[in-house]
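Positions 0 to 401 (numbering that gives the first Met the number 0) are the ones given, in order, by the sequence shown.
Think of the CB as a built atom: it goes at the ideal place given N, C-alpha and C, for glycine as much as any other residue.
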Amino acid sequence: MGWARAIIHLDLDAFYASVEQKRRPELRGRPVIVGGAGDGHTARGVVSAASYEARRYGVHSAMPLGRALRLCPEAVLLPVDFPAYRRASAQIMALARALTPLVEPLSLDEAFLDVSATPGDPAAMAARLRDQILEVTGLHASFGVATCKTVAKVASDLRKPRGFVVVAPGEEAEFLRPLPLLALPGLGPASAGILEGLGLRTLGDLAQHPPALLERRLGRAAAVSLTQRARGIDSSPVTPPAAPKSISREETYDRDVGDGDQLRDRVRYLAADVGRRLRAAGLCARTVSLKLRRSDFTTVTRQCALEGGNDSDAAITAAAIALLAATHQQGQPVRLLGVGVHSLEAAAQLDLFSAPDAARERHLDTTLDSLRRRFGPGVVRRGAAAPDLRDLDWRREDLRQP
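Here you go:
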């Protein structure tokens, strides 16, 4: 039977940890945990990724760092380096889009590809993409190939790491039948507990159970969706992403920060990262926001308008620092800080003759972007990330709660 519809699910293996092992060859084969800010404090940090060597000790994503290091004390703990992971992800997604324009990234390390209209055998395409990713990035990935997204994702998860599972058309239900309930994407522990209470243990049990008997426990929509997908029936399309509506970056601190100078310094760092991503996407913003969470978990969000569309680090930073000044009192402990931009639109072509100051800012920003891409995010910083606040004409009525 031919492939009327062919979906590939690509899932990079232990992505963050693998990127770190790739650029630090001495860590290959050793347990690596990625998480925290790299300041030595782990009280509030969580595991963002763990190499397969660390997973053998029971370490997994979202686990508190303190517990992870107790389980695997010999692990190497590295801070999260999102710019490095985004660069690796961009290379991989570019390879995927060279195969088909229908690519739906789910995260930096995971994507669906619809290759139904791409000439050739879907399994051979997936194998070729696997080899290209390894050749270009040195990273390994697991692949699932099937007629729908649900089955393709289950297939890629089945034999990680470096898994490669193809479910031929017509074999979906038989492939899913013996698998446990939690193998089905979107079926969490709470729903699995309800189903197990009804005597269901496998996806085959779920597939054969009348949806009407599940409606009172799960609701009609969930009951129908789960039983259909347990049979390998899923018509949801692969949807390439639209332009982002906002770009933001936030960080949580292991120890509360109350010093205004430290917070302003972190705002400059966050704003520079947001600005770099904004420019990389060819966008500019009309609104800047600041998110601040106090030690009592009270979260405050403020925003203000930028003059026209803007992608300048200086403008974003100045606005964010003004928002911080209007929100934070010296000494008030802060556990989370974030900077975001909103109301995004395509960046306009800069008129270098009528806006020399803007041209200089753009040249500086793009130069810094280039240096950071080449040498890493911490290689260079602005000496003065924003104009002095005393020189800014920010009015309190411009600072509003969204």
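- Leaving aside the five residues that flank alanine 110 on each side, the residues in its chain whose CB is nearer than 7 angstroms to its CB run, in chain order, Leu9, Met92, Ala95, Val102, Glu103, Pro104.
- A distance below 7 angstroms between beta-carbons, with the five flanking residues on each side excluded, links alanine 140 to the following residues of its chain, in chain order: Leu9, Asp10, Leu11, Asp12, Arg129, Ile132.
- The residues Ile7, Phe142, Val144, in chain order, have a CB closer than 6 angstroms to that of alanine 125 in the same chain once the five nearest residues on each side in sequence are set aside.
- Look at the beta carbons and you see the stretch 57 to 65 not touching the stretch 77 to 84: under three pairs across the two are nearer than 8 angstroms.
- Its chain contains Ala191 as the residues whose beta carbon lies nearer than 6 angstroms to that of leucine 181, once the 5 sequence neighbours on both sides are disregarded; these appear in chain order.
- Annotation for glutamine 227: no beta strand (DSSP E) segment contains it, though the alpha helix (DSSP H) segment containing it runs 219 to 229.
- Under the three-pair Cβ rule at 8 angstroms, the stretch 248 to 265 does not count as touching the stretch 166 to 183.
- In the three-state reduction of the DSSP assignment, valine 33 falls in the strand class.
- With respect to glycine 308, glutamate 249 sits apart: the two C-beta atoms are not nearer than 7 angstroms.
- Less than 7 angstroms divides the Cβ of serine 47 from the Cβ of tyrosine 15.
- Tyrosine 56 carries a coil assignment under DSSP once its states are collapsed to helix, strand and coil.
- Within the stretch 232 to 312, the complete alpha helix (DSSP H) runs of at least 4 residues fall at 259 to 279.
- Rounded to the nearest whole angstrom, the CA to CA distance from arginine 22 to leucine 335 is 30 angstroms.
- Between valine 18 and glutamine 90, the CB-CB gap reaches or exceeds 7 angstroms.
- In the three-state DSSP reduction, threonine 201 falls in the strand class (E or B).
- Straight-line measurement puts the Cα of leucine 186 at about 30 angstroms from the Cα of alanine 123.
- Assignment of serine 141 by DSSP, reduced to helix, strand and coil, places it in the strand class.
- Rounded to whole angstroms, the gap between the alpha carbons of proline 209 and threonine 226 is 8 angstroms.
- Straight-line spacing of the CA atoms in leucine 199 and lysine 290 works out to 44 angstroms.
- Secondary structure within the stretch 132 to 193: the alpha helix (DSSP H) runs of 4 or more consecutive residues, fully enclosed, are 148 to 157, 171 to 175 (chain order).
- Annotation for leucine 205: Leu180, Leu194, Leu199, Leu225, Thr226, Ala229 place their beta carbon closer than 7 angstroms to its own, counting only its chain and skipping 5 residues before and after.
- When the five nearest sequence neighbours on each side are left out, the beta carbons in the same chain lying within less than 8 angstroms of the beta carbon of leucine 138 are those of Leu11, Asp12, Phe14, Ser17, Val18, Lys21, Ala87, Ile91, Ile132, in order along the chain.
- Cα atoms of alanine 151 and alanine 53: separation of roughly 27 angstroms, rounded to the nearest angstrom.
- When only Cα atoms are considered, glycine 1 and leucine 213 end up about 34 angstroms apart.
- The continuous stretches of beta strand (DSSP E) do not include valine 45, and DSSP gives it neither H nor E.
- Annotated three-state conformation of aspartate 12 is coil, per DSSP.
- The straight-line gap separating the alpha-carbon atoms of arginine 293 and aspartate 108 is approximately 32 angstroms.
- Pairing serine 235 with histidine 341 gives a Cβ-Cβ distance that is not under 7 angstroms.
- In this structure, the alpha-carbon of leucine 64 lies about 20 angstroms from that of valine 333.
- Pairing alanine 271 with aspartate 312 gives a Cβ-Cβ distance under 7 angstroms.
- Inclusion of isoleucine 320 and valine 266 in the CB contact set at 7 angstroms is warranted, their separation being smaller than that value.
- Per the coordinates, the alpha-carbon of cysteine 71 lies some 30 angstroms from the alpha-carbon of leucine 178.
- According to the DSSP assignment, alanine 345 belongs to the beta strand (DSSP E) that extends over 333 to 345.
- Membership of leucine 70 in the alpha helix (DSSP H) is indicated by the continuous run 64 to 70.
- Distances from the alpha-carbon of aspartate 233 to those of Ala189, Arg276, Thr149 put Thr149 closest.
- Assignment of serine 106 by DSSP, reduced to helix, strand and coil, places it in the strand class.
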